[in-house]
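Asker: If you read the protein sequences in the order shown, they are chains C, D, W and B. Quick note on numbering: the first sequence equals residues 1 to 139 in this note's numbering. Quick note on numbering: the second sequence equals residues 1001 to 1139 in this note's numbering. Quick note on numbering: the third sequence equals residues 2001 to 2139 in this note's numbering. Quick note on numbering: the fourth sequence equals residues 3001 to 3139 in this note's numbering. From the three backbone atoms N, C-alpha and C, an ideal C-beta is built for every residue, glycine too. The structure displayed is predicted, hence computed values, not measured ones.
4 protein chains.
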Amino acid sequence: MAEDGAPGFEWPVRVYWEDTDAGGIVFYANYLKFFERARTEWLRHLGLGQETLRREDGGFFVVSQTDVRYLKPARLDDLLCVTARLDKTGRGSLVISQEARLQSCRSLLAHATIRIGWVDHASLKPSRIPAHVLTSLHA
Amino acid sequence: MAEDGAPGFEWPVRVYWEDTDAGGIVFYANYLKFFERARTEWLRHLGLGQETLRREDGGFFVVSQTDVRYLKPARLDDLLCVTARLDKTGRGSLVISQEARLQSCRSLLAHATIRIGWVDHASLKPSRIPAHVLTSLHA
Amino acid sequence: MAEDGAPGFEWPVRVYWEDTDAGGIVFYANYLKFFERARTEWLRHLGLGQETLRREDGGFFVVSQTDVRYLKPARLDDLLCVTARLDKTGRGSLVISQEARLQSCRSLLAHATIRIGWVDHASLKPSRIPAHVLTSLHA
Amino acid sequence: MAEDGAPGFEWPVRVYWEDTDAGGIVFYANYLKFFERARTEWLRHLGLGQETLRREDGGFFVVSQTDVRYLKPARLDDLLCVTARLDKTGRGSLVISQEARLQSCRSLLAHATIRIGWVDHASLKPSRIPAHVLTSLHA
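1) Run down chain C in chain order and give the residues with a C-beta less than 9 Å from the C-beta of residue 3064 of chain B.
2) What's the gap between the Cα of residue 3144 of chain B and the Cα of residue 3062 of chain B?
3) Quick one: is residue 3139 of chain B buried, meaning 16 or more other Cβ sit within 10 Å of its Cβ, or exposed?
4) Give a yes or no on whether the C-beta atoms belonging to residue 114 of chain C and residue 98 of chain C are separated by under 8 Å.
5) Looking at the unbroken alpha helix (DSSP H) that takes in residue 45 of chain C, where does it start and where does it end?
6) Residues bridged to residue 9 of chain C by DSSP?
7) Within a Cβ cutoff of 7 Å, which residues of the same chain sit near residue 3002 of chain B, ignoring the five residues on either side of it in sequence?
8) How close, in whole Å, do the beta carbons of residue 1032 of chain D and residue 2029 of chain W come, if the pair is a contact with beta carbons under 8 Å?
9) Closest Cβ-Cβ distance between residue 2034 of chain W and chain D: below 8 Å?
10) Starting from the beta carbon of residue 24 of chain C, find every residue of chain W whose beta carbon is closer than 8 Å, and list them in chain order.
11) What separation, rounded to the nearest whole angstrom, lies between the Cα atoms of residue 140 of chain C and residue 53 of chain C?
12) Are any of the Cβ atoms in chain W nearer than 8 Å to that of residue 1053 of chain D?
13) For residue 2076 of chain W and chain D, any beta-carbon pair shorter than 8 Å?
14) Over the uninterrupted beta strand (DSSP E) stretch that includes residue 3064 of chain B, give me the two end residues.
15) Shorter than 8 Å from the beta carbon of residue 109 of chain C to some beta carbon of chain B?
16) According to DSSP, is residue 2093 of chain W helix, strand or coil?
17) From the DSSP output, in three-state form, read off residue 2075 of chain W for me.
18) Exposed or buried, what is residue 3020 of chain B when buried is set at 16 or more other beta-carbons lying within 10 Å of its beta-carbon?
19) Just how far apart, CA to CA, sit residue 2017 of chain W and residue 3040 of chain B?
20) Taking any Cβ of chain B, which residues in the segment 112-128 of chain C have a Cβ under 8 Å from it, in chain order?
21) So is residue 3135 of chain B in contact with chain W if we call contact Cβ pairs under 8 Å?
22) What are the boundary residues of the beta strand (DSSP E) that residue 3026 of chain B is part of?
23) Closer than 8 Å by C-beta to residue 3080 of chain B: which residues in its own chain qualify, once you throw out the five before and the five after it? Chain order, please.
24) Quick one: what does DSSP say residue 50 of chain C is sitting in, helix, strand or coil?
25) Taking only three categories from DSSP, how would you classify residue 55 of chain C?
26) To the nearest angstrom, report how far apart residue 1092 of chain D and residue 1131 of chain D are at their CA atoms.
27) Quick one: is residue 3064 of chain B buried, meaning 16 or more other Cβ sit within 10 Å of its Cβ, or exposed?
28) In chain A, what lies closer than 7 Å to residue 1049 of chain D by C-beta?
29) Specify, as a first and last residue, the run of the alpha helix (DSSP H) that residue 131 of chain C falls within.
30) Please list the terminal residues of the continuous beta strand (DSSP E) segment that includes residue 1115 of chain D.
31) Which chain C residues sit within Cβ distance under 8 Å of residue 3060 of chain B?
32) Grab me the residues of residue 10 of chain C's own chain with a C-beta within less than 6 Å of its C-beta, minus the 5 sequence neighbours each way, in chain order.
33) Note down the Cα distance separating residue 1090 of chain D from residue 1126 of chain D, rounded to an integer number of angstroms.
34) What does the Cβ neighbour count give for residue 56 of chain C, buried or exposed, with the cut at 16 atoms within 10 Å?
35) Closer than 8 Å by C-beta to residue 133 of chain C: which residues in its own chain qualify, once you throw out the five before and the five after it? Chain order, please.
36) Since residue 2017 of chain W meets chain C, which of its residues come closer than 7 Å, beta carbon to beta carbon?
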């Protein structure tokens, strides 16, 4: 999936009051939510609904690392385009590259490298990503 | 707009990790965010983008009252249908009825009565809703 | 506990960037978080830690109703005083009155009536509040 | 301030329902809020209240980079100790090292490197940090 430089999966995110802060712009921590919505929809698009994974595979992805650069502010009512692209695949974790752009002018607002690891539902211990999940990721 | 019992405007809302709490369900305070997204999209649908209102009319709506009943829980990955329906129009405020339902089974999860008042952007003081806004609301 | 008009339990809450919105004030939905922090600390003060209740009594309180009036705005860096006072006790639910005031001038910012119901941890079904919890509430 | 390896400023943070997610643990994005509360209290402790800075110096700090590692989960009712320590000072930005630990066992839950830059309030453009702010930071 897009290890060839393709932009990857895209998901639209609208900025609401809940996302802004007293600086008049999107509160930086909320980009982590936007990135997660895009990752979730990318996984769902690949047939990997997280609630289903938890029920059927007994595990789920947890976020272990988030490196984010905030370049330009977004404002109330802005429509963003948020991307997700698989960068690296390990036995127990994935590294995903993500961007948030203004949908109108494609201006880059923030970009991130996110590492997610597979954990057992009950113990929350790191485990190997189920084979069918890896297969779907590289389909 | 729908003072006749029609369901009013509908807006889909997906439940992500950010919306849930350790009870395994949507954190109740987040329904206020869902209701606001639906109100915002309803207003936008009527030509009343809030950032535009602020810039061109020098004011915006603030929420002055939120009465919510939480009936059934929603969970991760659920797709909700959130409605907005104008109930009452005053000189300076609106009362809006809203519901959140599970999109699949139409089961009612939460309903709310929300009062929003128009305030001047600079002073944050209550003022009269601009005439063109009232016109658009009743178009 | 304070069914006699006493102000009840008080808890300080500082306003951070995360709490504000592009209007320059505290985002209204966040008062529900402030009210919950005060309720939680009030319960803890009575010996009713929620994580302990869940583990030892197999249940927890969920919020079933939140009626809030937002009177005046709070801003970044403001220090609020948030109260919690038991209003009514039922077999399966409690009604709690809460206020948020500016700590400096005691100006009332928002007040709320919150109903919380006891549910079984596993089924999330309403159940009777454990006797020792009721005893602690009225100690 | 603590460029010598001292732990730096410490601030207690309690975990409430609002902070958790359906995995039963603190939602990772919320550590950014915890880190910001500790930075804000550290700055306040140095006489640098942010609302005062905005009013008197016409600017404020914005977050331009957040690199976070999430090591162990925190749960409802946990009491965390969150630190802030100045790592580097530039003309227009600061780099701050932060940790979140369980207060009881000092177990490290998450650590972060956060870059904040000074911007002009009106234009949101990067500017030089006021001299008195730098003086206070190194007092």
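Answerer: If we stick to the structure as given:
1) 28, 69, 70, 71
2) With chain B running from 3001 to 3139 in the structure shown, residue 3144 of chain B is simply not present.
3) exposed
4) yes
5) 30-45
6) C/84
7) Any answer about residue 3002 of chain B is weak, because its pLDDT of 42 lies below 50 and its placement is not dependable; what the coordinates show is given next. Cβ within range, chain order: 3008, 3085, 3086.
8) 4 Å
9) No, no contact with chain D.
10) 2022, 2024
11) The displayed coordinates of chain C run from 1 to 139. Any statement about residue 140 of chain C would go beyond what the structure contains.
12) no
13) no
14) 3059-3070
15) no
16) strand
17) coil
18) Looking at its Cβ environment, which holds 16 or more other Cβ atoms inside 10 Å, residue 3020 of chain B is buried.
19) 9 Å
20) 124
21) no
22) Unbroken run through residue 3026 of chain B: none, as it is neither H nor E.
23) Only 3012, 3013, 3014, 3015, 3034, 3074, 3100, 3101, 3102, 3103, 3109 meet the Cβ criterion.
24) helix
25) helix
26) 11 Å
27) Residue burial is scored here from C-beta neighbours: residue 3064 of chain B has at least 16 other C-beta atoms within 10 angstroms and is therefore classed as buried.
28) Considering every chain present, this structure includes no chain A. Its protein chains are C, D, W and B.
29) According to the DSSP assignment, residue 131 of chain C belongs to the alpha helix (DSSP H) that extends over 131-137.
30) 1108-1120
31) 23
32) Result list for residue 10 of chain C: 81, 83, in chain order.
33) The alpha-carbon of residue 1090 of chain D is positioned some 12 Å away from that of residue 1126 of chain D.
34) Exposed: under 16 other Cβ atoms inside 10 Å.
35) Counting only Cβ-Cβ distances below 8 Å, and skipping sequence neighbours, we find 48, 53, 57, 118.
36) Annotation: Cβ neighbours of residue 2017 of chain W in chain C (cutoff 7 Å, chain order): 21, 22, 27.
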